[in-house]
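Numbering (the working numbering), first residue to last: 148 to 281.
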């Protein structure tokens with residue numbers, strides 16, 4: 148079953164401009180930036196918001212996500228079980244396999260099934276390890 152909030156993702160048109168805006172607003176120094184060229188993603192993670200990570204996402208690849216879209220990422224104890232449970236309930240869930248630069252298994256519920264919000268399912272602790280470079 149899905150648990151607590153893992154992080155919030157915000158889709159932006161220009162990562163560099165968004166970082167310049169959010170960095171002083173959040174007041175926690177420079178973000179951790181990760182490039183995922185195989186998915187057409189540039190990511191900036193701000194940590195230290197009371198334990199919550201805020202992720203800025205710039206995409207140049209094929210995606211339903213647009214500037215201003217929000218991703219609510221929830222931790223799950225067992226990703227495979229949660230995907231199976233949701234599919235059994237009729238929810239369309241996509242399984243994102245790890246890639247070279249984004250070595251995470253994740254699940255995605257699209258805006259259509261997420262009532263206008265993209266829901267990301269993250270195995271507990273994996274995003275934190277990825278951001279930290281572990």
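Where is the CB? At the ideal position from N, CA and C, for every residue including glycine.
Here residue 264 is exposed. Its C-beta has fewer than 16 other C-beta atoms within 10 Å. Counting only runs that start and end inside the region 180–267, the beta strand (DSSP E) elements of at least 3 residues fall at 188–196, 199–206, 217–223, 240–243, 253–256.
Taking a 10 Å sphere around the C-beta of residue 239, we find fewer than 16 other C-beta atoms and assign the residue as exposed. Contact annotation, residue 218 with residue 267: C-beta distance approximately 5 angstroms; criterion of less than 8 angstroms satisfied. With 16 or more other Cβ atoms inside 10 Å of its own Cβ, residue 277 counts as buried. Under the Cβ criterion (8 angstroms, minimum of three pairs), the region 210–230 does not count as touching the region 173–182.
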